[in-house]
Amino acid sequence: MELSKNYVPNETEARWYQHWLSKGYFKSTPDSREAYTIVMPPPNVTGVLHMGHCLNNTIQDILIRRARMQGKNACWVPGTDHASIATEAKVVAMLRERGITKSSLSRDEFLGYAWEWKEKYGGIILQQLKKMGCSLDWDRTAFTMDPDYYKSVIQVFLDLHKKGHIYRGKRMINWDVKAKTALSDEEVIYKEVQSKLYHIKYAIEGSNDFVTVATVRPETIFGDTAVCVNPLDERYKHLHGKFVFVPLINRSVPIITDEYVTLDFGTGALKVTPAHDINDYQLGQKYNLEVIDTLNDDGTMSEAAQFFIGEDRLDVRKKMEAVLSEAGLLDKVEAYTNQVGFSERTDAMVEPRLSLQWWVSMKDIATPALQSVMEEAIQFHPAKFKNLYRHWMENIKDWCISRQLWWGHRIPAWYAPDGSVAVAANANDALAILQENNAGLTLSDIKQDEDCLDTWFSSWLWPFEVFKGLSNPGNEEIKYYYPTQTLVTAPEIIFFWVARMIMAGHEYMDQKPFEHVYFTGIVRDKQGRKMSKSLGNSPDLLGLIDVYGADAVRFGIMIASPAGNDILFDESALEQGRNFNNKLWNVLKLIQGWGNRMDAHVDAKNEKFAMDWFENRLSQVQQEVDVLLNGFKLSEALKTIYSLIWDDYCSWYLEWIKPGFEQPISKEVYEKTVGYLNEMMHMLHPFMPFITEEIYHLASAQSDDLCNKIAPTFASPNNSIVAGGELLKQVISALRDARNKNQLKPKDTITLHIQTANTDTYKAIESILCKQVNATSIEYTNSSVDNTIVVAVEKDKFFIGTSIELDATALKATLLADLAYQKGFLESVTKKLSNERFVQNAKPEVVALEQQKQADAIARIATIEESLQSL
RNA sequence: GGGAGCAUAGCUCAGUUGGUUUAGAGCAUCUCGUUUACACCGAGAGGGUCCGCGGUUCGAACCCGUGUGCUCCCA
Numbered sequence: 010m011e012l013s014k015n016y017v018p019n020e021t022e023a024r025w026y027q028h029w030l031s032k033g034y035f036k037s038t039p040d041s042r043e044a045y046t047i048v049m050p051p052p053n054v055t056g057v058l059h060m061g062h063c064l065n066n067t068i069q070d071i072l073i074r075r076a077r078m079q080g081k082n083a084c085w086v087p088g089t090d091h092a093s094i095a096t097e098a099k100v101v102a103m104l105r106e107r108g109i110t111k112s113s114l115s116r117d118e119f120l121g122y123a124w125e126w127k128e129k130y131g132g133i134i135l136q137q138l139k140k141m142g143c144s145l146d147w148d149r150t151a152f153t154m155d156p157d158y159y160k161s162v163i164q165v166f167l168d169l170h171k172k173g174h175i176y177r178g179k180r181m182i183n184w185d186v187k188a189k190t191a192l193s194d195e196e197v198i199y200k201e202v203q204s205k206l207y208h209i210k211y212a213i214e215g216s217n218d219f220v221t222v223a224t225v226r227p228e229t230i231f232g233d234t235a236v237c238v239n240p241l242d243e244r245y246k247h248l249h250g251k252f253v254f255v256p257l258i259n260r261s262v263p264i265i266t267d268e269y270v271t272l273d274f275g276t277g278a279l280k281v282t283p284a285h286d287i288n289d290y291q292l293g294q295k296y297n298l299e300v301i302d303t304l305n306d307d308g309t310m311s312e313a314a315q316f317f318i319g320e321d322r323l324d325v326r327k328k329m330e331a332v333l334s335e336a337g338l339l340d341k342v343e344a345y346t347n348q349v350g351f352s353e354r355t356d357a358m359v360e361p362r363l364s365l366q367w368w369v370s371m372k373d374i375a376t377p378a379l380q381s382v383m384e385e386a387i388q389f390h391p392a393k394f395k396n397l398y399r400h401w402m403e404n405i406k407d408w409c410i411s412r413q414l415w416w417g418h419r420i421p422a423w424y425a426p427d428g429s430v431a432v433a434a435n436a437n438d439a440l441a442i443l444q445e446n447n448a449g450l451t452l453s454d455i456k457q458d459e460d461c462l463d464t465w466f467s468s469w470l471w472p473f474e475v476f477k478g479l480s481n482p483g484n485e486e487i488k489y490y491y492p493t494q495t496l497v498t499a500p501e502i503i504f505f506w507v508a509r510m511i512m513a514g515h516e517y518m519d520q521k522p523f524e525h526v527y528f529t530g531i532v533r534d535k536q537g538r539k540m541s542k543s544l545g546n547s548p549d550l551l552g553l554i555d556v557y558g559a560d561a562v563r564f565g566i567m568i569a570s571p572a573g574n575d576i577l578f579d580e581s582a583l584e585q586g587r588n589f590n591n592k593l594w595n596v597l598k599l600i601q602g603w604g605n606r607m608d609a610h611v612d613a614k615n616e617k618f619a620m621d622w623f624e625n626r627l628s629q630v631q632q633e634v635d636v637l638l639n640g641f642k643l644s645e646a647l648k649t650i651y652s653l654i655w656d657d658y659c660s661w662y663l664e665w666i667k668p669g670f671e672q673p674i675s676k677e678v679y680e681k682t683v684g685y686l687n688e689m690m691h692m693l694h695p696f697m698p699f700i701t702e703e704i705y706h707l708a709s710a711q712s713d714d715l716c717n718k719i720a721p722t723f724a725s726p727n728n729s730i731v732a733g734g735e736l737l738k739q740v741i742s743a744l745r746d747a748r749n750k751n752q753l754k755p756k757d758t759i760t761l762h763i764q765t766a767n768t769d770t771y772k773a774i775e776s777i778l779c780k781q782v783n784a785t786s787i788e789y790t791n792s793s794v795d796n797t798i799v800v801a802v803e804k805d806k807f808f809i810g811t812s813i814e815l816d817a818t819a820l821k822a823t824l825l826a827d828l829a830y831q832k833g834f835l836e837s838v839t840k841k842l843s844n845e846r847f848v849q850n851a852k853p854e855v856v857a858l859e860q861q862k863q864a865d866a867i868a869r870i871a872t873i874e875e876s877l878q879s880l
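What follows is the structure, given as structure tokens:
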């Protein structure tokens, strides 16, 4: 078959993915083999494939393909996350385009639209992963709102509530006064607005003096329960412990001190209104201040305000200026620019508001989770994230799990008209509980909580619930696949997700959820900025795959992405990947060409050295790569394989065994050469699955596929044979360098004299050496040869004879430069050795090494000086 | 404000318990070259005050302290 000039990935990739699927290679069912399980971090249903997914899933595919090729039962579970906030926002936006508002819909109607949206767009990202070659078991595709999964989430809520870990508590939320609803942080848009800073005078109790407080919200003073100053502020030291009167209502409130107050902002005195500001609320908590809510849910003043009851807070703000001024309590008004939050939906100014929310108390369930990471039952890669994890877990705060949304798992709590609450699996159970205190209640009297659970409250069950570990306890699959082996995720969700999965695993499976956690970096653009839609710096991944091929994209993203470090994405890495594809393609073309000229009678004597060397070098790299991969050093492993193929195999080995023009090749050499190629394709397959499978099949007839081919056990390399090859490379490079520096053209032939103690070493490689440095003859000598270029490698000297006139000055300059380097080096070694304390204290082998270096340097200097004289 | 991490060639990074030449690789750059796989190529080369300062040590990119700059998480 005639092969195309360059490798064309698109057709090949589609064909092989289809083939692997049709053979069912990605399917897994429990059997007697060792399991290797990865659960994919479920992307949002709203997602489309971006660079972060690309990195993350490439890594998982590498691990899972390697496991499969090690003969393990590899199981990679795909799925999606319902992503309550993001999805609800998308659905609301879609409805708005159709002219429908969420508030005009019932909960069920809205959920109908949401499911419709999910069915239509929710699977796009999974389809895109196929393009990347991800070897997922598609039959296992899971969703965090699947019926069984949903039930398990509710069950966990009930269970934690029963154990006393779930409670209701107050929290500041964002309140939309127009929609009369709570907003998530993501639904608040901050805008810069021109405000006024009002300086208001508060009378000091028992004195005729005032404290002046600066605020942009004078209408909230009716809720003031303290004035706070910085304890170090000299201006106010005399007021510590005193009280002031809140203007107009004349409530007496304390002056408290806290470092929170900035000395140089406003007047340095802060009015504290715990009900209407998040920071004030925290101060209030710290100093046990009263919380006075002066607003109604529509943003008008409540009765608690005492003044302006029923008027909108923004109108009141305007009126306050005149009222305060009249009372002589307004010191001055300044122009001031600040950031104010507005509702994404109604554009109303958002009010911070205290509200009852559901919480999980974390301390108890965090303990085993902290322990399993600290004791390395779960290993983090890189380990540096252990510190971060420990710090967070030791200072863990309670988790607010209710969200004011409809799309998600609805909180299983029912309220009676008197506000009492029952947590139960369904309304009937809840009614029974509530009837204990109020026998007359009926189903129509009680109402279920409107809120949903935080998305993470469902995804923390992912590693076991994808195997129905909770909905069908003790089933065969959960026993076989759990705990999973490796989790691959981004460090930014170490607390949101990783820590909580570990907690849930210990709480519900009595077992860690995974053995290893591999933290990827964040993919950034060339300038180090995060990829984002608004910056428009997010490359179109499918477009890149079209241009470069999936293998090249996988290569590009992996070649420089050490665990836990951010990746600066640069298309040139993809070019490198594409070039590598092409290199592999051309190896195939070259070898196929030889296949036609294969001859069993051709002697392989001259190729023996090359084959011995490469075989051992291959074993060496196989071992190295194995060690690297076991340590999760994927990038390093890929670099090592890349260099083996490009440098050792293509640039050295193939050149050494290459037959002359139109010459036949020995059958033995040919078969070995194809064999090495296949072994290298095997090693590379997890990283670049498509082209390796293609080459494996085109290089020689195969009855199996690389995809699920089990690796042979590696031979251990003979290090002295490997070293022999390295010496040969070094000699060739040195001779080529000398040729280059003396302006010998590639076509100019040379003669070579070698002065060495090991003639036999060179006899074995004469033919290779001649071919590689374009020498016509090799002779051995005991002394210097006149009129030659002298090259020294280790202890051997090479004399290059040429008919071309040599440029003595250039030659001399190089030699002098080398001489200077060697002398400098000798000096540093000698200095070290003449330091008595070094010789006394350093380990003997270190001293011996330094002495060896010294002797070598002296010998090299002698050689160079000799050469200089012969010029 | 609390915490974590990072700083090595123009760029991206290796550098395992301190000693394996005067610190390595890939990309980029420069020189030479189209020789019968590949210019998406080959052969070579140049390029570094290992962020600054101090300390420990016979010896520091590596250990300790300190300063500076950057990044992330939490509030």
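In our numbering, the protein residues as written are 10 to 880.
Don't be surprised by glycine CBs; every beta carbon is placed ideally from N, CA and C.
Keep in mind it's a predicted model, so treat the numbers as computed, not measured.
Spatial neighbours of residue i in its chain, beta-carbon cut-off 6 Å, leaving aside the 5 residues before and after
i: F252; result: E214, S261, P263
i: I175; result: L169, V369
Limits of the beta strand (DSSP E) - the one that residue i falls within
i: G178; result: 175 to 185
i: V430; result: 430 to 432
i: F528; result: 523 to 528
i: P156; result: Here P156 belongs to no beta strand (DSSP E); instead the alpha helix (DSSP H) covers 156 to 171.
i: A801; result: 798 to 802
i: Y771; result: No beta strand (DSSP E) contains Y771, which is instead part of the alpha helix (DSSP H) from 768 to 772.
i: S480; result: No beta strand (DSSP E) contains S480, which DSSP labels as neither H nor E.
i: H762; result: 759 to 764
i: W85; result: 82 to 86
Start and end residues, alpha helix (DSSP H) containing residue i
i: V782; result: 775 to 782
i: L397; result: 394 to 403
i: R362; result: Looking at the DSSP string, R362 is not in any alpha helix (DSSP H); the run it does join, the beta strand (DSSP E), is 360 to 369.
i: C63; result: 60 to 78
i: L192; result: First-last for L192: 190 to 192, but that is the beta strand (DSSP E), not the alpha helix (DSSP H).
i: K295; result: 287 to 296
i: N749; result: 728 to 750
Opposing strand residues paired with residue i [DSSP bridges]
i: I9; result: Because the chain in this structure spans residues 10 to 880, residue 9 falls outside the shown range and cannot be described.
i: Y685; result: Answer is none; Y685 lacks a bridge partner.
i: T495; result: H525
i: M607; result: I674
Contacting residues, own chain, Cβ-Cβ under 8 Å from residue i (five flanking each side not counted)
i: L206; result: A223, T224, V225, G275, V342, E343, A344, Y345
i: Q831; result: A866, R869, I870, I873
Cβ pair residue i, residue j closer than 8 Å
i: E360; j: L304; result: yes
i: T498; j: W506; result: yes
i: W7; j: A436; result: Past the edges of the chain, shown from 10 to 880, lies residue 7, and the structure says nothing about it.
i: V186; j: A313; result: no
i: F564; j: M697; result: yes
i: A44; j: Y489; result: yes
i: S161; j: S480; result: yes
i: I674; j: D757; result: no
Beta-carbon contacts of residue i that lie in its chain and below 7 Å, excluding the five residues immediately before and after
i: Q711; result: Y705
i: I68; result: V497, Y527, T529, L643
Counting pairs of Cβ atoms below 8 Å between the region 183 to 191 and the region 391 to 399, do you hit three or more?
With the cut-off at 8 Å, the region 183 to 191 and the region 391 to 399 do not touch.
Three-pair Cβ contact test at 8 Å for the region 12 to 21 versus the region 459 to 472:
Short answer: they don't touch.
Contact the region 713 to 720 vs the region 611 to 623: 3+ CB pairs below 8 Å
Taking 8 Å as the limit for Cβ pairs, the verdict is that the region 611 to 623 does not touch the region 713 to 720.
With a cut-off of 8 Å, do at least 3 Cβ pairs link the region 105 to 121 to the region 72 to 82?
Inter-segment contact for the region 105 to 121 and the region 72 to 82 is absent: fewer than three beta-carbon pairs are separated by less than 8 Å.
Can we say the region 762 to 772 touches the region 803 to 810, given the rule of at least three CB pairs closer than 8 Å?
Yes, they touch.
Taking 8 Å as the cut-off, does the region 616 to 635 touch the region 55 to 72 (at least 3 CB pairs, one atom from each stretch)?
Between the region 55 to 72 and the region 616 to 635 there are fewer than three C-beta pairs closer than 8 Å, too few to call the two in contact.
With contact counted as at least three CB pairs below 8 Å, one residue from each stretch, are the region 615 to 632 and the region 675 to 695 in contact?
Touching, per the Cβ criterion.
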